[in-house]
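Everything on this sheet refers to the single structure shown next.
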Amino acid sequence: MDTLRRQILTVPNILSIARLGVAFTLPVLAWRGEATLFLVCLILALLSDAADGWIARVLSQTSILGTKLDSWADLALSLAVPICVWRLWPSLV
Numbered sequence: 001m002d003t004l005r006r007q008i009l010t011v012p013n014i015l016s017i018a019r020l021g022v023a024f025t026l027p028v029l030a031w032r033g034e035a036t037l038f039l040v041c042l043i044l045a046l047l048s049d050a051a052d053g054w055i056a057r058v059l060s061q062t063s064i065l066g067t068k069l070d071s072w073a074d075l076a077l078s079l080a081v082p083i084c085v086w087r088l089w090p091s092l093v
């Protein structure tokens, strides 16, 4: 069990899971009109997206699960961001 936990709870996977959580938080922030907090969370999510793959390779923590988590988080962000931008800044869309 401990070995399985160490294989799943790697730094890159935790970053991807956090990014997935942010993707579901962004619409809430947009609907509440929290533009500044929305942008801060979005920037952090984008930075974690850039970092997780690099960290996985450097720490030799690449995995199939990590690849899937990264893809799911990317998809969730890709779906959430345009809707949120429309809600916060309709003139941009």
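The C-terminal residue of the sequence shown carries number 93 in the working numbering, and the numbering is unbroken. Glycine included, every Cβ here is placed at the ideal spot set by N, Cα and C.
query	result
6 Å Cβ shell around Thr-62 - same chain, five flanking residues per side excluded	Ala-56
Ala-50, buried or exposed, once every other Cβ within 10 Å from all chains shown has been counted against 16	exposed
Inter-stretch contact at 8 Å, needing at least 3 Cβ pairs: the segment 11-24 / the segment 34-52	yes
Touch test, the segment 74-89 against the segment 19-36, Cβ-Cβ under 8 Å, three pairs minimum	yes
Secondary structure of Leu-9, DSSP reduced to three states	coil
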